[in-house]
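Notes follow once the structure below has been shown.
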Amino acid sequence: MSDLDRSFAALADPTRRALIERLAQGEASVQDLARPFPISQPAISRHLKVLEEAGLVQTRIDGTARPRSLNPAAVAELWDWLGRYRALWEAQFQKLDAVLDALPEDDGSAWDAERSQE
Amino acid sequence: MNKQLDIAPLQVSQVGETDIIVRRSFSHAPARVWRAMTDPTLIPQWMASKDTMTRCEMDLRPGGSFHYEWSGPEGVLFFFSGPIIAVDEPRHMTHVEYFNGDETSGTTITTDLVAHEGGTRMTMVMRYADAAARAAAIEMGMTDGFEIVYDSLEALLSKS
């Protein structure tokens, strides 16, 4: 698998996408990452391992703690990924722009007239 | 990392644990934007994903309700519905949105339209029941995003 394939495979899981979302806010311990999920901490660790193998997440060694963070090199790619949520909104609003452009100039009265015909 | 995904004229940002704020400018006055956003004959023309909106009802008054439904060849795919809380045409609207009729986890949506230089600045605040509900909503959007990526990949592959 290419790096991109690995990234996509890693992100094709809702829990892992949520973990990335959380890590986008900053470094976190496995305990903190696991807290919002109804699954066990070992299960979260397995998801983190997949993300780490895909190069999206890295582990820092701090005494006995092993906080996880996003791999800075993957952040640009992640930005595009989050941007897709934004892109959906933009696609929708561009359609709204077109609807607005097509509405008759005399807004109020034309609307009322149209409505009374219904 | 700054989570604001900011490219004019659209801004999508996550605020606190539960809110998504969407800001967008339109080149038409608030009355017209209000109409396009609330008229059930116009809503299906823009509020759609790759699926088709097949039912659109809007009883626009405090105490009223709305129902948006999307269907495919197999029948109803999903719907959003809920009560209209506040209406101040053409400036402000508050409504609560339930996904597939699940009233245990509603999203409160406030929409504000402000006239600006002949156009309109819209601010929409979507307040989810909790952080998990917000994450699920974004995930749903992202899933669609993935499909768009895969679709364009497929289109590219079929050309070559």
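Those sequence lines, one after another, are chains A and B. Quick note on numbering: the first sequence equals residues 7 to 124 in the working numbering. Quick note on numbering: the second sequence equals residues 1423 to 1582 in the working numbering. All C-beta atoms in this analysis are idealised placements derived from N, C-alpha and C, irrespective of residue type, glycine included.
Identity of the residue in the options nearest residue i by Cα
| i | options | result |
| --- | --- | --- |
| Tyr1490(B) | Gln1467(B), Ile1507(B) and Pro1484(B) | Gln1467(B) |
| Ala71(A) | Asp38(A), Val56(A) and Ala30(A) | Asp38(A) |
| Val105(A) | Arg1446(B), Thr1463(B) and Val1434(B) | Thr1463(B) |
| Asp19(A) | Ala49(A), Gly32(A), Glu33(A) and Gln31(A) | Ala49(A) |
| Val63(A) | Arg52(A), Asn77(A), Gly69(A) and Ser51(A) | Asn77(A) |
| Arg41(A) | Lys55(A), Ala24(A), Leu57(A) and Val56(A) | Ala24(A) |
| Arg1483(B) | Val1498(B), Gly1523(B) and Glu1511(B) | Glu1511(B) |
| Ile1443(B) | Gly1563(B), Val1518(B), Thr1532(B) and Met1562(B) | Thr1532(B) |
| Asp1552(B) | Ser1527(B), Thr1474(B), Glu1561(B) and Ala1458(B) | Ser1527(B) |
| Glu1519(B) | Arg1513(B), Val1498(B), Arg1556(B) and Arg1445(B) | Arg1556(B) |
| Ala1559(B) | Gln47(A), Trp95(A), Arg66(A) and Arg74(A) | Trp95(A) |
| Leu57(A) | Asp68(A), Thr21(A) and Gly69(A) | Thr21(A) |
| Thr1542(B) | Ala1453(B), Glu1525(B) and Ser1435(B) | Ala1453(B) |
| Val36(A) | Ile67(A), Ala60(A) and Gly61(A) | Ile67(A) |
| Gln31(A) | Val1455(B), Ser1449(B), Gln1436(B) and Phe1448(B) | Gln1436(B) |
| Pro110(A) | Arg1446(B), Val1455(B) and Leu1535(B) | Val1455(B) |
Amino acids of chain B, ordered along the chain, whose beta-carbon sits closer than 9 angstroms to that of residue i
| i | result |
| --- | --- |
| Lys101(A) | Gln1467, Trp1468, Met1469 and Ala1470 |
| Glu33(A) | Chain B residues near Glu33(A): none, gap ~11 angstroms exceeds 9 angstroms. |
| Arg66(A) | Simply none; closest approach about 16 angstroms. |
Where residue i meets chain B, residues with beta-carbon distance less than 7 angstroms
| i | result |
| --- | --- |
| Pro20(A) | Glu1561 |
| Glu58(A) | Those do not exist, as Glu58(A) stays about 18 angstroms from chain B at its closest Cβ, beyond 7 angstroms. |
Contacts of residue i in chain A (Cβ-Cβ under 9 angstroms)
| i | result |
| --- | --- |
| Arg1446(B) | Trp95, Glu96, Phe99 and Leu102 |
| Ala1551(B) | Neighbours of Ala1551(B) on chain A: none; closest Cβ ~13 angstroms, over 9 angstroms. |
Residue span of the alpha helix (DSSP H) that contains residue i, given as start and end
| i | result |
| --- | --- |
| Thr1533(B) | Not the alpha helix (DSSP H): Thr1533(B) falls in the beta strand (DSSP E), residues Thr1529 to His1538. |
| Leu62(A) | Looking at the DSSP string, Leu62(A) is not in any alpha helix (DSSP H), and its letter there is neither H nor E. |
| Asp38(A) | Val36 to Ala40 |
| Leu29(A) | Pro20 to Leu29 |
| Arg1454(B) | Pro1452 to Thr1460 |
| Pro1408(B) | A question about residue 1408(B) goes unanswered here, because the residues of chain B that appear run from 1423 up to 1582. |
Interface residues of chain A facing residue i [CB-CB closer than 7 angstroms]
| i | result |
| --- | --- |
| Leu1395(B) | Limits of chain B in this structure are 1423 at one end and 1582 at the other, which puts residue 1395(B) out of reach. |
| His1450(B) | Leu106 |
| Leu1464(B) | Val105 |
Within chain B, the residues that residue i reaches when beta carbons sit closer than 8 angstroms
| i | result |
| --- | --- |
| Arg41(A) | Simply none; closest approach about 10 angstroms. |
Span of the beta strand (DSSP E), counted from its first residue to its last, around residue i
| i | result |
| --- | --- |
| Thr1542(B) | Gly1541 to Arg1549 |
| Arg1446(B) | Asp1441 to Phe1448 |
| Leu76(A) | Arg74 to Leu76 |
| Leu1394(B) | Since the first and last residues shown for chain B are 1423 and 1582, residue 1394(B) lies out of range. |
Any C-beta of chain C under 7 angstroms from that of residue i
| i | result |
| --- | --- |
| Ala1508(B) | Note that chain C does not occur in the displayed structure, where the protein chains are A and B. |
Chain-ordered chain A contacts of residue i [CB-CB under 8 angstroms]
| i | result |
| --- | --- |
| Ala1592(B) | Absent from the model: residue 1592(B). The displayed extent of chain B is 1423 to 1582, so no value can be given. |
- Task: List in chain order: all unbroken beta strand (DSSP E) runs of 3+ residues lying wholly within the segment 1474–1521 of chain B.
- Result: 1474–1480, 1487–1494, 1497–1510 and 1514–1521
- Can you find at least 3 beta carbon pairs, one from the segment 1535–1553 of chain B and one from the segment 1440–1458 of chain B, that sit closer than 8 angstroms? yes
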